[in-house]
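*Asks:* Top line first, the protein sequences correspond to chains V and Z. So in numbering that gives the first Met the number 0, spot 26 of the first sequence is number 25, and the numbers just go up one at a time. So in numbering that gives the first Met the number 0, spot 311 of the second sequence is number 310, and the numbers just go up one at a time. Think of the CB as a built atom: it goes at the ideal place given N, C-alpha and C, for glycine as much as any other residue. The structure presented is a predicted model; accordingly, all values stated were derived computationally and were not measured.
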Amino acid sequence: MTLEEKVIKLIVDQLDVTKEQCVLEASFIDDLGADSLDIVELLMEMEEAFGVEIEDEELEKIVTIKDVIDFLKQKGVN
Amino acid sequence: MKRRVVVTGLGALTPLGNSVNQTWESAVTGKSGIGPITKFDSSSYKSQIAGEIKNFDAAQFVNKQELRRYDDFILYAIASSEMAMADAKLTIGPELSERTGVIIGSAIGGLSTIEEEFELLLNHNNPRKIPTFIVPAILANLASGNVSIRFGAKGPINCPVTACAAGTSAIGDAYKTIVYGDADIMITGGVEAAITRMAVGGFSAMRALSQRNDEPQKASRPFDKDRDGFVIAEGCGIIILEELSVALNRGARIYAELAGYGCTSDAYHVAAPPPGHEGAARSMRIAIKEAGLNPEDIDYINAHGTSTPLNDLYETQAINFLFGEHVKKLMVSSTKSMTGHMLGATGGVEAIFAVKSLHENIIPPTINLDNPGEECNLDYVPNVSRRKEINTAMSNTFGFGGVNAVLLFKKYSESQVSEE
Numbered sequence: 000m001t002l003e004e005k006v007i008k009l010i011v012d013q014l015d016v017t018k019e020q021c022v023l024e025a026s027f028i029d030d031l032g033a034d035s036l037d038i039v040e041l042l043m044e045m046e047e048a049f050g051v052e053i054e055d056e057e058l059e060k061i062v063t064i065k066d067v068i069d070f071l072k073q074k075g076v077n
Numbered sequence: 000m001k002r003r004v005v006v007t008g009l010g011a012l013t014p015l016g017n018s019v020n021q022t023w024e025s026a027v028t029g030k031s032g033i034g035p036i037t038k039f040d041s042s043s044y045k046s047q048i049a050g051e052i053k054n055f056d057a058a059q060f061v062n063k064q065e066l067r068r069y070d071d072f073i074l075y076a077i078a079s080s081e082m083a084m085a086d087a088k089l090t091i092g093p094e095l096s097e098r099t100g101v102i103i104g105s106a107i108g109g110l111s112t113i114e115e116e117f118e119l120l121l122n123h124n125n126p127r128k129i130p131t132f133i134v135p136a137i138l139a140n141l142a143s144g145n146v147s148i149r150f151g152a153k154g155p156i157n158c159p160v161t162a163c164a165a166g167t168s169a170i171g172d173a174y175k176t177i178v179y180g181d182a183d184i185m186i187t188g189g190v191e192a193a194i195t196r197m198a199v200g201g202f203s204a205m206r207a208l209s210q211r212n213d214e215p216q217k218a219s220r221p222f223d224k225d226r227d228g229f230v231i232a233e234g235c236g237i238i239i240l241e242e243l244s245v246a247l248n249r250g251a252r253i254y255a256e257l258a259g260y261g262c263t264s265d266a267y268h269v270a271a272p273p274p275g276h277e278g279a280a281r282s283m284r285i286a287i288k289e290a291g292l293n294p295e296d297i298d299y300i301n302a303h304g305t306s307t308p309l310n311d312l313y314e315t316q317a318i319n320f321l322f323g324e325h326v327k328k329l330m331v332s333s334t335k336s337m338t339g340h341m342l343g344a345t346g347g348v349e350a351i352f353a354v355k356s357l358h359e360n361i362i363p364p365t366i367n368l369d370n371p372g373e374e375c376n377l378d379y380v381p382n383v384s385r386r387k388e389i390n391t392a393m394s395n396t397f398g399f400g401g402v403n404a405v406l407l408f409k410k411y412s413e414s415q416v417s418e419e
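Right, dumping it as structure tokens:
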């Protein structure tokens, strides 16, 4: 499973959305019906799944699915 | 003239069924909803039985996100409110929004979430793993909060946390909110989902729970000589209250009128009622007076009747004291014999039993009443429901902290009974 597929699977498990809705440009709040608490919860799952730590300041920059993937890559996750 | 309040919608989840109809059907046929605890391994607990809600599919009412976020007590309140609103054929448009309020009581709130998440916290010793949703999942007023969000109810909101009287306190406060003119419609009742290790262990430690583990369906036996404590249960009962003219204008079906509410305190002990239970008698008297009635006008009382040695004796004494000779004509039953004690939900569900008994002219029984206990001398409608035309029905609930809350429902008729 690629990083992208893993991230999208986590999102589908957590939010009330389908895989098809999870295009890279999708905004968590505007397109996927999440609120700020959902995003925090999702990133906690990502921390757990990929063994990284996400600081609160970094969290604020995350808007789309692509932002999450870029961020994880930056942290050295493949 | 006093604003009148009527009941126009009912919704429930109980150990007897996942709707008002199923619950009522089971109650009038004298079924027990009690069984062995399945929610956790209770083998080391003194009490191993409970009235659990069975086969409830929350996904019928909420999406996946909500399912993850909410404690069961919130899910039960949302589902029961949906059923009550559908039953009332009510949608809250912009014109009603600010005149519609929500008061749903709960004794404890999200206890199972507290216990599970605290266990994880202790095991991992990592506060970063505390979920984002924990606070809004456990706060007792988040049943009301989520229901108000769901239906766009922007009027008064509250959550009485008056232990086992919470549902009745909620309905009583909702009634007054309409009488005072602060709202025209109220979504109200009680909810509880606390069949947990801490609750079962805690009530057991107080010697409050039945230990008749080998005969679960016979364990809740209010007013019986062999009663040995209450059976913990969960549930939710939600009713829709409307100011009479609002209900009439929209052609709503009216189940009954809520005509009186009495609330007093024992000022005696945190958990035990006093001998004679004078506060209970006073609450009933206040509710009757507020309805412009006399004790002789009361046909049926859905008793608190917990199946504990003290409650059933002292509640009986209070009823004898207040009603005197009229007790010969008065029916008193405890539906907890079938549902178990749903704690903060009990007032909501038993208000529904009182309303249904008025609407259907059937009195649900007190099951497992084989030999009445000492001094238990009332007509408890033992074991078999009774078909009888009635005009008034009260619901008694009493809670730790000395709370005595009583609702009085009567058959709706156009003419207003004149008040003194």
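#1: Determine which residues share a DSSP beta bridge with leucine 276 of chain Z and list them.
#2: Buried or exposed for glutamate 156 of chain V, please, with buried defined as at least 16 other CB atoms from any protein chain shown within 10 angstroms of its CB.
#3: Pick out the complete alpha helix (DSSP H) segments inside the stretch 214-264 of chain Z, 4 residues or longer, and give them in chain order.
#4: Which whole-angstrom value is the C-beta distance of serine 143 of chain Z and cysteine 158 of chain Z, which I expect to be below 8 Å?
#5: Could you run through the stretch 115-149 of chain Z and flag, in chain order, every residue whose CB is less than 7 Å away from some CB of chain V?
#6: Closer than 8 Å, CB to CB, is glutamate 40 of chain V near chain Z or not?
#7: Alpha carbon to alpha carbon, how far is phenylalanine 70 of chain V from valine 22 of chain V?
#8: Residues of chain Z with a CB under 9 Å from the CB of aspartate 55 of chain V: which are they?
#9: How long is the line joining the alpha carbons of arginine 281 of chain Z and phenylalanine 352 of chain Z, rounded to whole angstroms?
#10: Assign serine 272 of chain Z to one of two classes, buried (16 or more other C-beta atoms within 10 Å of its C-beta) or exposed (fewer than that).
#11: Would you tell me roughly how many angstroms separate the C-alpha atoms of aspartate 56 of chain Z and glutamate 374 of chain Z, rounded to the nearest one?
#12: Establish whether the CB of glutamine 64 of chain Z and some CB of chain V are separated by less than 8 Å.
#13: Is the beta carbon of glutamate 191 of chain Z less than 8 Å from the beta carbon of glutamate 233 of chain Z?
#14: Report all residues from its chain with a CB closer than 7 Å to the CB of asparagine 360 of chain Z; omit the five preceding and five following residues, and keep chain order.
#15: Closest to proline 215 of chain Z by CA distance: which of Z:Gly16, Z:Gly50 and Z:Thr22 is it?
#16: Between glycine 166 of chain Z and alanine 344 of chain Z, is the Cβ-Cβ spacing less than 8 Å?
#17: In the stretch 266-339 of chain Z, which residue ranges form an unbroken alpha helix (DSSP H) of at least 4 residues, counting only runs that do not cross its ends?
#18: So, does the stretch 101-110 of chain Z touch the stretch 56-68 of chain Z, judging by three or more C-beta pairs under 8 Å?
#19: What's the call for leucine 406 of chain Z, buried or exposed, on a 16-neighbour Cβ count within 10 Å?
#20: By the 10 Å Cβ neighbour count, where 16 or more other Cβ atoms means buried, how is leucine 119 of chain Z classified, buried or exposed?
#21: Using only alpha-carbon positions, find the residue among Z:Phe320, Z:His303, Z:Leu321 and Z:Glu256 that is nearest to alanine 290 of chain Z.
#22: Short check: CB of serine 264 of chain Z to CB of asparagine 301 of chain Z, under 8 Å?
#23: Can you name, in chain order, every residue of its own chain whose Cβ lies under 6 Å from the Cβ of serine 25 of chain Z, other than the five neighbours on each side?
#24: As a quick exercise: from Z:Thr90, Z:Leu312, Z:Asn382 and Z:Phe72, pick the residue whose alpha carbon is nearest that of lysine 224 of chain Z.
#25: Below 8 Å between beta carbons: does that hold for leucine 110 of chain Z and alanine 169 of chain Z?
#26: Could you tell me whether any Cβ in chain V is nearer than 8 Å to the Cβ of glutamate 419 of chain Z?
#27: Pull up the distance between the alpha-carbon of aspartate 34 of chain V and that of aspartate 369 of chain Z, whole angstroms please.
#28: Thinking just about the alpha-carbon of each residue, which of Z:Val230, Z:Arg127, Z:Asp183 and Z:Ser412 is nearest to the one in isoleucine 53 of chain V?
#29: With the cut-off set at 8 Å, would you say phenylalanine 229 of chain Z and threonine 307 of chain Z are in Cβ contact?
#30: Could you pull out every residue in the same chain whose Cβ sits closer than 6 Å to the Cβ of isoleucine 73 of chain Z, ignoring the five residues on either side in sequence?
#31: Hey, does leucine 58 of chain V have any beta-carbon neighbour from chain Z nearer than 8 Å?
#32: Please tell me whether histidine 303 of chain Z and glutamate 314 of chain Z are closer than 8 Å, where the distance is taken between their beta carbons.
#33: Can you tell me where the beta strand (DSSP E) holding alanine 392 of chain Z begins and where it ends?
#34: Rounded to the nearest angstrom, what separates alanine 227 of chain Z and aspartate 213 of chain Z at their Cα positions?
*Replies:* In this structure, then:
#1: For the purposes of this step, residue 276 of chain Z is identified with residue 277 of the second sequence, where counting begins at 1. What sits at residue 276 of chain Z in the sequence shown is histidine, not leucine. According to DSSP, histidine 276 of chain Z bridges with nothing at all.
#2: With chain V represented from 0 up to 77, any question about residue 156 of chain V goes unanswered, as that position is not in the structure.
#3: 243-248
#4: Within the second sequence, the letter at position 144 stands for residue 143 of chain Z. Within the second sequence, the letter at position 159 stands for residue 158 of chain Z. About 5 Å separates the two Cβ atoms, so the contact holds.
#5: Pro130, Thr131 and Phe132
#6: What you label residue 40 of chain V is simply residue 41 of the first sequence in a count that begins at 1. By this cut-off, glutamate 40 of chain V is an interface position.
#7: Counting from 1 along the first sequence, the entry for residue 70 of chain V is found at position 71. Counting from 1 along the first sequence, the entry for residue 22 of chain V is found at position 23. Roughly 16 Å between the two C-alpha positions.
#8: Taking the first residue of the first sequence as position 1, residue 55 of chain V is located at position 56. Within 9 Å Cβ-Cβ: nothing; aspartate 55 of chain V doesn't reach chain Z, min ~11 Å.
#9: Within the second sequence, residue 281 of chain Z is the residue found at index 282, counting from 1. Within the second sequence, residue 352 of chain Z is the residue found at index 353, counting from 1. Roughly 22 Å between the two C-alpha positions.
#10: As a working note, residue 272 of chain Z is residue 273 in the second sequence. Checking the sequence, you will find proline at residue 272 of chain Z rather than serine. Buried: at least 16 other Cβ atoms inside 10 Å.
#11: For this step, residue 56 of chain Z is matched to residue 57 along the second sequence. For this step, residue 374 of chain Z is matched to residue 375 along the second sequence. Rounded to the nearest angstrom, the two C-alpha atoms are 44 Å apart.
#12: Within the second sequence, residue 64 of chain Z is the residue found at index 65, counting from 1. Chain V contact via Cβ: present.
#13: Start at 1 with the first residue of the second sequence, and residue 191 of chain Z comes out as number 192. Start at 1 with the first residue of the second sequence, and residue 233 of chain Z comes out as number 234. Against a cut-off of 8 Å, the Cβ pair of glutamate 233 of chain Z and glutamate 191 of chain Z comes out as a contact.
#14: As a working mapping, residue 360 of chain Z is identified with position 361 in the second sequence. Excluding residues within five positions, the ones whose Cβ falls inside 7 Å are Arg386, Lys387, Glu388 and Ile389.
#15: In the second sequence, counting from the first residue as 1, residue 215 of chain Z sits at position 216. Measuring from the Cα of proline 215 of chain Z, the nearest candidate turns out to be Z:Gly50.
#16: Within the second sequence, the letter at position 167 stands for residue 166 of chain Z. Within the second sequence, the letter at position 345 stands for residue 344 of chain Z. Yes.
#17: 277-289, 308-322 and 335-338
#18: no
#19: What you label residue 406 of chain Z is simply residue 407 of the second sequence in a count that begins at 1. With 16 or more other Cβ atoms within 10 Å, it is buried.
#20: Reading the second sequence from its first residue, position 120 is the one you call residue 119 of chain Z. Exposed: under 16 other Cβ atoms inside 10 Å.
#21: Walking along the second sequence from the start, residue 290 of chain Z turns up at place 291. For alanine 290 of chain Z, the nearest C-alpha among the options comes from Z:Glu256.
#22: Counted from its first residue, the second sequence places residue 264 of chain Z at position 265. Counted from its first residue, the second sequence places residue 301 of chain Z at position 302. Note that the C-beta distance between serine 264 of chain Z and asparagine 301 of chain Z is not below 8 Å.
#23: Walking along the second sequence from the start, residue 25 of chain Z turns up at place 26. The residues are Leu15 and Gly16.
#24: Position 225 of the second sequence, counted from the start, is the residue given in the question as residue 224 of chain Z. Nearest of Z:Thr90, Z:Leu312, Z:Asn382 and Z:Phe72 to lysine 224 of chain Z, Cα basis: Z:Leu312.
#25: Against the second sequence, residue 110 of chain Z aligns to sequence position 111. Against the second sequence, residue 169 of chain Z aligns to sequence position 170. It is not a contact, given that the beta carbons lie outside the stated cut-off.
#26: By one-based count along the second sequence, residue 419 of chain Z stands at place 420. Since pLDDT at glutamate 419 of chain Z reaches only 39, below the 50 mark, its modelled position is unreliable, and the value read off the structure follows with that caveat. Interface flag for glutamate 419 of chain Z against chain V is unset, since no Cβ pair is found closer than 8 Å.
#27: Position 35 of the first sequence, counted from the start, is the residue given in the question as residue 34 of chain V. Position 370 of the second sequence, counted from the start, is the residue given in the question as residue 369 of chain Z. Pairing aspartate 34 of chain V with aspartate 369 of chain Z, the inter-Cα distance amounts to about 56 Å.
#28: Numbered from its first residue, the first sequence carries residue 53 of chain V at position 54. In terms of CA proximity to isoleucine 53 of chain V, Z:Arg127 leads the group Z:Val230, Z:Arg127, Z:Asp183 and Z:Ser412.
#29: The sequence position of residue 229 of chain Z within the second sequence is 230, counting from 1. The sequence position of residue 307 of chain Z within the second sequence is 308, counting from 1. For phenylalanine 229 of chain Z and threonine 307 of chain Z, yes; Cβs fall inside 8 Å.
#30: As a working mapping, residue 73 of chain Z is identified with position 74 in the second sequence. Taken in chain order, the residues that qualify are Leu141, Ala142 and Asn145.
#31: As a first step, residue 58 of chain V is located in the first sequence; it is residue number 59 there, counting from the start. No, its Cβ sits nowhere closer than 8 Å to a Cβ of chain Z.
#32: Sequence index remark: in the second sequence, residue 303 of chain Z carries index 304 (1-based). Sequence index remark: in the second sequence, residue 314 of chain Z carries index 315 (1-based). Yes. Within cutoff.
#33: Taking the first residue of the second sequence as position 1, residue 392 of chain Z is located at position 393. From DSSP, the beta strand (DSSP E) with alanine 392 of chain Z extends over 391-398.
#34: Stepping through the second sequence from its first residue, residue 227 of chain Z is reached at position 228. Stepping through the second sequence from its first residue, residue 213 of chain Z is reached at position 214. The sequence shown places aspartate at residue 227 of chain Z, not alanine. Rounded to the nearest angstrom, the two C-alpha atoms are 13 Å apart.
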